[in-house]
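Notes follow the structure.
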Amino acid sequence: MKFSETKLAASLQTIISRRREAAGLYQEIARQLPLENAQRVLDVGTGTGLQLKVIQEVRPGLELYGLDLSPAAIQSASRALGDLKVDLRAGSISSTDYEADFFDIVTCNASMSYWENPRECFNEIHRILKPKGSAWFFEPHKDIDIEGALDQIRENMADQSPLRRRGAVKLNKYGLKKGTGIGMKLYSVTELKDLVKSSAFGDHHSITKTSLLKIPIFVCIQLWK
Ligand SMILES: C[S@@+](CC[C@H](N)C(=O)[O-])C[C@H]1O[C@@H](n2cnc3c(N)ncnc32)[C@H](O)[C@@H]1O
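Each residue of the sequence shown is one higher than the one before, counting from 277 in this note's numbering.
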C-alpha cells in the first residue's frame with residue numbers, strides 16, 4: 277500500500293484541507309467553475325471532500341460526487357461532510373463505474389500529480405463528461421520559484437502561530453522539492469500540453485499558470501468535450 281492510501285495520510289490530509297478551507301482556497305476554486313448551468317459535479321481525488329462542501333455553499337442543489345483512490349480518504353470525507361448528500365466512492369479515475377456522458381463538471385485539485393497513468397485518466401474523464409461538459413484542474417507545476425512561493429505562504433499565515441507557520445512552510449517545501457519521493461510527479465506546462473493532446477481531449481484544452489491564495493505555483497487546466 278502506498279503512503280497516500282494509509283489512514284495516517286488521510287488524517288494529515290484532513291488537517292491540511294481544514295486549513296485550506298479556512299484560508300478560502302476551495303472558495304477561490306469554486307468561483308472559477310461554471311456552476312450556473314450545471315447539474316452533476318464530480319470531484320476527483322476528493323480527499324476530505326471539503327471542495328464539494330464549498331461548491332454546495334456557492335451553488336446549492338447540485339448533485340455532488342466524490343471519488344478517491346484511498347478508502348481511508350473516503351471515510352474521512354464521509355465524516356467531514358456529515359449530512360450533506362454526496363455520492364462518495366473509493367476507486368481510481370483511470371477506470372470508473374460512472375455512466376458515459378454523465379457529468380457537467382469534473383473538478384480536481386492537487387491530485388493529478390499522483391496519478392500513475394494520466395493519459396488513461398484523462399480518457400476516462402472524457403468518457404464520463406457530458407458533451408459540452410468541462411473538467412477543471414488546479415495543480416502545482418514544475419517550473420516554479422519555490423522560495424518565492426514559501427515567502428507567500430509565510431505571509432498568508434502571518435496571523436498563525438510561529439509553530440504552525442513553520443510546519444506549513446516545511447511541509448510545502450518538502451512536497452515541492454521532493455515531490456517524486458512522496459509519489460508526486462510535477463509536470464511543466466509543455467509536458468501537460470503534450471499529455472492532454474495525446475488524450476481523447478486532443479486540442480480541447482487551455483493550460484495557464486495561475487496563483488491560488490496568491491501562491492504562484494499552480495496551473496489551471498481546462499478540458500472540454
Ligand atoms: C493531496 S490530496 C488532495 C485532496 C483534495 N483534492 C484537496 O484539495 O484537499 C490527493 C488525493 O488524490 C487521491 N488520488 C491519487 N491518485 C488517484 C487516482 N488515480 N484516482 C482518484 N484519486 C486519486 C489521493 O488518494 C489523495 O486523497
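Note that the Cβ used here is the ideal one computed from N, Cα and C, for glycine as well.
Residues sharing a beta bridge with residue i, DSSP
i	result
E515	What the structure shows of the chain is the stretch from 277 to 501, and residue 515 is not part of that stretch, so it cannot be assessed.
S482	Q498
N385	F414
Close beta carbons around residue i, own chain, < 8 Å, minus the five adjacent residues each side
i	result
K473	D479 and H481
I291	none
G424	P492
Coarse secondary structure for residue i, derived from DSSP in three states
i	result
N393	coil
P407	strand
E415	strand
P492	strand
A366	strand
Y421	Note on identity: in this sequence residue 421 is Asp, with Tyr being the wrong assignment. Here D421 sits in coil by DSSP.
F379	strand
D344	strand
S475	coil
S280	helix
S371	coil
Same chain, Cβ closer than 6 Å to residue i, neighbours up to 5 away in sequence not counted
i	result
D319	Q327, L328, G342 and T383
K283	A348
E304	L488
F279	A285
R335	L311
Assumed close pair residue i, residue j - CB separation to whole angstroms, cut-off 8 Å
i	j	result
V495	L468	6 Å
D363	G409	Actually they do not touch by this definition, with Cβ atoms about 17 Å apart.
Q289	T324	6 Å
E339	Q308	Between Q308 and E339 the Cβ distance is about 20 Å, and since that is not below 8 Å, they are no contact.
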